[in-house]
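**Q** Sequential numbering from 18 applies to the sequence shown in our numbering.
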Amino acid sequence: MEQQEETANSVDNNSALSGTEARFRQLNAAADPQCQIQQISPAALAYLGDAVYELYIRRHYLLPPKRLCDYHDQVVAQVRAESQANTLRSLEPYLTEPELALLRRGRNAATGTSRRLNRKIYQQATSLETLLGYLYLTDPQRLTQLLAYLELDTP
């Protein structure tokens, strides 16, 4: 009886481990630009790009130290859709043709809108996020290069 329980526990642990390994391999394959990057939807790339951009902005305003509400105000001012649309316009002269094509994919994927936003602004913000998510997965050096062009307020 004890041996059956040990075998059952071993099988459960192995299946949990193999499930985790499978998810890890799937994520690694999705992050491989040579493999499955084209299968990731523009909306999913925008979801990732939103996080990448916000983290970049948060890091920029982190020093000098200040109150949390001040950090928050500065970051929110930069990550709002209107600011992202302005950021996109400032980066457009530096973008390659494939990057511009990716922007179009991202813009076309922007289906929902906020009541407070103009649809065009929302589409521009989403297309910027799509590009940032894509570059994060495929070309971090290019991502860093583009982010360096941003003229952010001094913290």
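From the three backbone atoms N, C-alpha and C, an ideal C-beta is built for every residue, glycine too. Note that the structure is predicted; figures quoted are calculated from it, not measured.
1) Could you name the residues of the same chain whose beta carbon sits closer than 6 Å to that of Q95, not counting the 5 residues immediately before and after it, in chain order?
2) My guess is that S100 and E168 are in contact by the Cβ rule of under 8 Å, so how many angstroms apart are they, rounded?
3) Could you tell me the boundaries of the alpha helix (DSSP H) in which L159 lies?
4) Please report the distance separating the alpha-carbon of L148 from that of E38.
5) What alpha helix (DSSP H) runs, 4 residues minimum, are completely inside the stretch 65-151?
6) Considering only their Cβ atoms, is the gap separating A126 from S35 smaller than 9 Å?
7) Flag this pair as yes or no: are the beta carbons of L72 and L112 separated by less than 9 Å?
8) Going by Cα to Cα distance, which pick from Y88, Y70 and Q55 is closest to A165?
9) Ordered along the chain, which non-local residues of its own chain (more than five positions away) have a Cβ less than 6 Å from that of R124?
10) Secondary structure at P59, three-state DSSP: helix, strand or coil?
**A** Judging by the given coordinates:
1) I74
2) About 12 Å; that fails the 8 Å criterion.
3) This sequence places Arg at residue 159; Leu is not what is there. First-last of the alpha helix (DSSP H) with R159: P157 to A165.
4) 29 Å
5) 85-96, 98-108 and 114-126
6) no
7) no
8) Y70
9) Q140 and S144
10) helix
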